[in-house]
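A quick write-up on the structure given underneath.
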Amino acid sequence: MISIGAGDAPFLSLTAARAALEAGALDPERLVEECLARIEAYEPAINAFIAVRAEGARRDARRAARERRSGDPVGALHGLPIAIKDLFTTRERATTFGSPHFIKGPAGADAAVVERLEAAGAIIIGYTNLDEFAFGSFNANPHFGQVHNPWALDRHAGGSSGGSAAAVAAGFALAAIGTDTGVSIRQPAAVTGLVGLKPTFGLVSRYGAMPLSETLDHVGPMTRTVGDAALLLSVLGGLDARDPASRAPAGWQAGFAPRSSLDGVRVGVPRHFFFDGCEAEVRAAFDAAIEVLGALGARVDPIELAGMEALNGAQSVIAQAEAAAFHAEAHAARPETFGPSVRDFIARGGRHGPAEIARAHADIERITAELAPVFASVDVIATPTTPHRASPIADGPEPGDALRWRYTGPFTALGWPAVSVPCGVSSDGLPVGIQLVGERFADMALLSVAAAYEAATLPLRSEARPPIAPA
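Each residue of the sequence shown is one higher than the one before, counting from 1 in full-length UniProt numbering.
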């Protein structure tokens, strides 16, 4: 018989909470109320949300409870509270996109991910804080404030999806949705002890998400477990004609199968680039994770991945140029309402001419073609997710900013699926992540490998909760 202790429900995985709901050991109203109680107690110290849907979530929970009692058909996420980065439009309210420009603006149509979450029965518990317009990796929003890491309130929670990461880590929601244009799902997940998946480019629709970079933006889940990431991907993924980049080949949903052995799986560890600037404790945690993969039966071999520096350079040029073009009109009309880091980003983007932008796209196309054969010899690539732990907020975003996305940026440019999975905790109690990367549209197979690693290490962290105290 399933038994859920008082206050424990907000730390359940989606799959565990769903099982508890189905068994009658938990109901949607209790689950939502326990999440809201944690928000009331800890949100002032963390600042994960721009807006909390307290009454809306309660209303949705009551409806979900009635539907369960009536025996109505329920979706895969029925009654489960999920947070959404405030970059996605909804019919319910004006999305801020991390900027005061839009607080009094009109509500929009539901973004594709909102549609799919609600169709699956999820309860949106709130809209999370982010770097302004998703520009950044530190979540020091000049308008809505700094997001604090639940594991250490004096440390950042990553960005630009830092609010989404902090909300799940703090037990405010069971999962969250973020975006990733270089680092913004995987790095926040790594520094807050979560699983963060950047799916294959185009697999999850970006319709209704304000773009940072049309050719680089990805949408994905941030969860407690790898199984939860697979569950959310199965709900969110699929073709959407409203997103011109949308791609979903037949059979993409197949292949996720939790496994106890990695016999026959080939793991490649790059010889170069991915350990530049890496902290000793991060490297030690990564090396220990590689030993676990080997002990599970995987064959681990060093590999060469050429062109990583060039990919990061091209990614930077394209992201800056596309962001500058998108925001040019609003920035020209009201530059004083943009934060300083966004103004700087737009200014840099405006300096990239057509020839430079074309070269950047050509570099990505060339390197993508050159690297395609790598998956003939490996199934998964493994790197640290970030070079270092979450840095002190007092240090500001500038020190180490480029390093924060150094290891993740190349796989954004390539469009390959990449997932960050917790692989340890440093001596000062800060989470560390390992990044596993797979072939295009082999997202579920990648998650199967990640789940095997997670299962082998779960006893070390299954009871781990951030040591936050009420504000």
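Note that beta-carbon positions come from the ideal geometry of N, C-alpha and C, so glycine has one too.
Counting Cβ pairs, one atom from each stretch, are 3 or more of them under 8 Å apart for the region 373-389 and the region 282-295?
Short answer: they touch.
Local conformation of residue 480 per DSSP, three classes:
Since the first residue shown for the chain is 1 and the last is 471, residue 480 is missing from the structure and cannot be characterised.
As a quick exercise: from Pro100, Ala134, Leu14, Asp154, pick the residue whose alpha carbon is nearest that of Gly429.
In terms of Cα proximity to Gly429, the closest of Pro100, Ala134, Leu14, Asp154 is Asp154.
Euclidean distance between Cα positions of Ala19 and Ala314:
Roughly 45 Å between the two C-alpha positions.
What number of angstroms, rounded off, separates the C-alpha of Tyr207 from the C-alpha of Gly108?
One C-alpha to the other measures close to 12 Å.
Looking only at its own chain, which residues have a Cβ that is under 6 Å from the Cβ of Ala230, when we skip the five neighbours before and after it?
Excluding residues within five positions, the ones whose Cβ falls inside 6 Å are Phe256, Leu447.
From Phe273 to Val183, what distance separates their C-alpha atoms?
Using only the alpha carbons, I get a separation of about 16 Å.
C-alpha distance - Gly237 paired with Val204, whole-angstrom precision:
Gly237 and Val204 have their alpha carbons spaced roughly 4 Å apart.
Answer with buried or exposed for Pro431, where buried requires no fewer than 16 other C-beta atoms within 10 angstroms of its C-beta.
Pro431 should be labelled buried.
Report the option in Ala76, Phe97, Gly202 whose CA atom is closest to the CA atom of Ala413.
Nearest in C-alpha terms to Ala413, of all of Ala76, Phe97, Gly202, is Gly202.
Should the region 45-53 be regarded as contacting the region 259-274, the criterion being three or more beta carbon pairs within less than 8 Å?
No: fewer than three Cβ pairs fall under 8 Å.
Contacts around Ser462, its chain only, beta-carbon distance under 6 Å, and the 5 residues preceding and following it disregarded:
Legend: pLDDT at Ser462 = 47, less than 50; position of this residue unreliable, value from coordinates given subsequently. Exclusion of the five residues before and after Ser462 leaves no residue of its chain whose Cβ lies closer than 6 Å to its Cβ.
I need the straight-line Cα distance from Tyr407 to Ala23, nearest angstrom please.
C-alpha of Tyr407 to C-alpha of Ala23: approximately 42 Å in a straight line.
Check whether the Cβ atoms of Ala25 and Ile46 lie closer than 8 Å to each other.
With contacts defined as CB atoms closer than 8 Å, Ala25 and Ile46 fail to qualify as a contacting pair.
Can you tell me whether DSSP reads Ser462 as helix, strand or coil?
Low confidence applies to Ser462: its pLDDT is 47, below 50, so where it sits in the model is not reliable enough to give any reading.
Compute the Euclidean distance between the alpha carbons of Ser260 and Met444, then round it to the nearest angstrom.
In this structure, the CA atom of Ser260 is about 16 Å from the CA atom of Met444.
Enclosing beta strand (DSSP E) for Ile84 [first to last residue]:
Where Ile84 is concerned, the enclosing beta strand (DSSP E) stretches over 81-85.
State the DSSP-derived secondary structure class of Leu197, mapped to helix, strand or coil.
Note: Leu197 maps to strand in three-state DSSP.
Buried versus exposed call for Pro73 [16 or more other C-beta atoms within 10 Å across all chains shown]
Exposed is the call here.
Please name the residue, chosen from Thr179, Pro244, Gly159, that lies closest to Val219 on a Cα-to-Cα basis.
For the options Thr179, Pro244, Gly159, the alpha carbon positioned closest to that of Val219 is the one of Thr179.
With a cut-off of 8 Å on the beta carbons, I'd call Pro417 and Pro199 a contact; round off their distance for me.
The Cβ separation is near 5 Å, so the contact holds.
Would a C-beta distance cut-off of 8 Å place Ala175 and Gly126 closer than the cut-off?
Cβ atoms of Ala175 and Gly126: not closer than 8 Å.
If you follow the alpha helix (DSSP H) that Thr457 is in, where does it begin and where does it stop?
For Thr457, the uninterrupted alpha helix (DSSP H) segment begins and ends at 443-457.
Endpoints, the alpha helix (DSSP H) within which Cys35 is located
Unbroken alpha helix (DSSP H) run through Cys35: 28-46.
Helix, strand or coil for Ala321, going by three-state DSSP, please let me know.
Three-state result, Ala321: helix.
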